[in-house]
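S.K.:
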Amino acid sequence: EASSSDDFQTLLSWADKHRRLKVRANAETPEDAAKARELGAEGIGLCRTEHMFFEATRIEKMRAMILSESKEERQQYLDELLEFQRQDMLELFRAMDGLPVTIRLLDPPLHEFLPHEEHEMQALADAVGKPLEKIREITEGLSEVNPMLGFRGCRLSIVYPEITEMQVKAIMTAAVDAVEQGIKPMPEIMIPLVVNVREIRLITEIIDRGVQEVLRERQVSVPYKVGTMMETPRATLGADRLAPEVEFMSFGTNDLTQMTYGFSRDDVGKFIPSYIEKKIVDSDPFVSLDQRAVGRLMEMAVQESRRVKKGIKYGICGEHGGDPRSIRFCHNLGLDYVSCSPYRVPIARMAAAQAHVEASEED
Ligand code: PEP
Ligand code: MG
């Protein structure tokens, strides 16, 4: 007897025949990756590597790394973090065998990783063998008034290139391990919070050097791509300058919305409902793309970058990537894929098909 779930699968397989947009998932755990694939994801569009370190046993090493006072000290913790990262990456490549896995370099809003409570500082002090006073002093030195506009994203890679070196080594070692196990890894390394081309050049140099080192040592070849997040207005406005340096661009519409409107993405509940009611905005801009604002910046970025270079792949990995109205906009803009949370993958597949059918009818 056919169940409604069978009917839904049939419907989805029809939808898949009528869409052009690929649907990927945002995932960083093997469980989420497996779930995503089961729900039809065609790759991972965003692996937020900082999320791999939230777990209790790992966050302390991450904290110790961030609070390190010298390169040597930082290196010691990076070596320990590398192993976690390598293991997780291998599992992601396994779950997404033959499909792209976009791994974003570390983008931790520092405030999420700094110790806040006295007991957290004490635990860290004990773990790293420093006095509590010292830990408090370093934490205060690192705390920022506007952490979301602060020392995060690629700014971290620029100041501490060794973090990127560690991540690239972990990613490529995992990729080679995967190949040796008969898996086909397709790593795509993504640079977060870019504002200009100089950042991309400096970081790409580190990436390429790290990749070559691993591949030469292991005598295996793995194709890889380097691309950038498009999540600051500055990046979208300079897309023609970024284009020659990248193979893909992924719109991070969470940050792009925050910076375009000047609305904090972490405080939306406070006033957005009144703004919707009073028709200042037609809907929550963090859920649905505003085509005249964030959408307009995306459109300009695609046009300008395409003008100077063909073949760039375009995606979206902010929350909007799972929103049907926004998916229609992304289809019309000619993006290659949307990436959303695993549970939204089926909805995104349907929305992508609907967008395609609607656009064909208009022709
Ligand atoms: C974004 O800003 O849209 C994005 C995908 O990155 P994050 O949500 O991790 O800042
Ligand atoms: Mg972001």
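All residue numbers in the sequence shown are consecutive under the working numbering, ending with 1136.
Ideal Cβ placement from N, Cα and C applies to all residues, glycine included.
1) Does I1120 come out as helix, strand or coil in the three-state DSSP assignment?
2) If I'm right that S1114 touches H1093 with Cβ under 8 Å, what's the distance once you round it to whole angstroms?
3) Leaving out five residues before and five after L929 in sequence, what residues of the same chain have Cβ atoms less than 7 Å from its Cβ?
4) Within the present structure, is the beta-carbon of P965 separated from the nearest heavy atom of ligand 2 by less than 7 Å?
5) With hydrogens ignored, establish whether the beta-carbon of N1105 is closer than 7 Å to any heavy atom of ligand 2.
6) Excluding the 5 residues preceding and the 5 following Y1048 in the sequence, name in chain order all residues of the same chain whose CB lies nearer than 8 Å to its CB.
7) For E953, which residues of its own chain have a beta-carbon under 6 Å away from its beta-carbon, when the five flanking residues on both sides are left out?
8) I need the straight-line Cα distance from P1058 to G1042, nearest angstrom please.
9) Kindly examine ligand 2 and report whether one of its heavy atoms sits closer than 7 Å to the Cβ of N1027.
10) Give me the Cα-Cα distance between A807 and Y1116, rounded to the nearest whole angstrom.
11) Leaving out five residues on either side along the sequence, give the residues of the same chain with a beta carbon under 7 Å from the beta carbon of A951.
12) Applying the 10 Å Cβ sphere with the 16-neighbour rule, what's the burial state of D899?
13) Roughly how many angstroms lie between the CA atoms of F1024 and E906, to the nearest whole one?
14) Thinking C-beta only, is E801 closer than 8 Å to V874?
15) Between which two residues does the alpha helix (DSSP H) holding P1006 run?
16) Per DSSP, what are the beta-bridge partners of F1024 in this structure?
17) Give the DSSP bridge partners of I944, in chain order.
18) Among the candidates Q860, H884, R1122, H1104, whose CA atom is the shortest distance from the CA of A1132?
19) Just list the residues that DSSP pairs S1112 with in beta bridges.
20) Tell me the DSSP secondary structure of V932 in three-state form.
21) Since V970 is in the alpha helix (DSSP H), which residue starts that stretch and which ends it?
22) For a test of the three-state rule: what should DSSP assign to V901, helix, strand or coil?
23) Between the stretch 941 to 950 and the stretch 1064 to 1074, do three or more beta carbon pairs fall short of 8 Å?
24) Just to check, is the beta-carbon of E1004 closer than 7 Å to a non-hydrogen atom of ligand 2?
25) Could you tell me whether any non-hydrogen atom of ligand 1 is closer than 7 Å to the CB of G1091?
26) Which whole-angstrom value describes the C-beta separation of R821 and R877, a residue pair presumed to lie in contact below a C-beta threshold of 8 Å?
27) Output needed for L784: all residues of its chain with C-beta closer than 7 Å, excluding positions within five of it in sequence on either side, in chain order.
28) From the DSSP output, in three-state form, read off M869 for me.
29) Are there any heavy atoms of ligand 1 lying less than 7 Å away from the beta-carbon of R821, as far as the coordinates show?
30) Can you tell me the Cα-Cα spacing of K1086 and R1079, whole angstroms?
31) So the beta strand (DSSP E) I962 belongs to, where does it begin and stop?
32) Near G926, what residues of its chain come up, given a Cβ to Cβ distance below 6 Å and the 5 sequence neighbours on each side ignored?
M.R.: Taking the geometry as given:
1) Looking at I1120 - three-state DSSP - the assignment turns out to be helix.
2) With 8 Å as the limit, S1114 and H1093 do not qualify as a contact, their Cβ atoms being about 12 Å apart.
3) Cβ-Cβ distances below 7 Å link L929 to L879, I936 in the same chain, with the five nearest sequence neighbours on each side left out; the list follows chain order.
4) For ligand 2, a non-hydrogen atom lies closer than 7 Å to the CB of P965.
5) Because no heavy atom of ligand 2 lies under 7 Å away, the Cβ of N1105 does not count as near it: no.
6) Closer than 8 Å at the Cβ level, and outside the excluded window around Y1048, lie V1054.
7) Nothing listed; no residue qualifies.
8) Cα-Cα distance, rounded: 12 Å.
9) Yes.
10) The straight-line gap from Cα to Cα measures roughly 12 Å.
11) Contacts found: L863, F866, R867, P958.
12) D899 sits exposed, since fewer than 16 C-beta atoms from the chains shown fall within 10 Å of its C-beta.
13) So the alpha carbons of these two residues sit roughly 42 Å apart.
14) No, they are not a contact pair.
15) Per DSSP, the continuous alpha helix (DSSP H) segment holding P1006 begins and ends at 1006 to 1010.
16) Secondary-structure assignment with DSSP links F1024 through a beta bridge to M1003, I1089.
17) In the DSSP output, where bridge partners are listed per residue, I944 has none listed.
18) The residue among Q860, H884, R1122, H1104 with its C-alpha nearest the C-alpha of A1132 is H1104.
19) Its beta-bridge partners are R797.
20) Correct three-state label for V932: helix.
21) Segment 970 to 991, the alpha helix (DSSP H) holding V970.
22) The three-state secondary structure of V901, taken from DSSP, is helix.
23) Segments in contact, no.
24) True, at least one ligand heavy atom lies under 7 Å from that Cβ.
25) Yes, the beta carbon of G1091 sits closer than 7 Å to at least one heavy atom of ligand 1.
26) Yes, R821 and R877 are in contact; Cβ-Cβ is about 6 Å, under 8 Å.
27) Hits under 7 Å: none found.
28) In the three-state scheme derived from DSSP, where H, G and I count as helix and E and B as strand, M869 is classed as coil.
29) It does: the Cβ of R821 is within 7 Å (strictly closer) of some heavy atom of ligand 1.
30) A direct Cα-Cα distance of roughly 10 Å separates K1086 from R1079.
31) Segment 959 to 964, the beta strand (DSSP E) holding I962.
32) For G926, where only same-chain residues beyond five positions count, the Cβ hits under 6 Å are D880, P965, L966.
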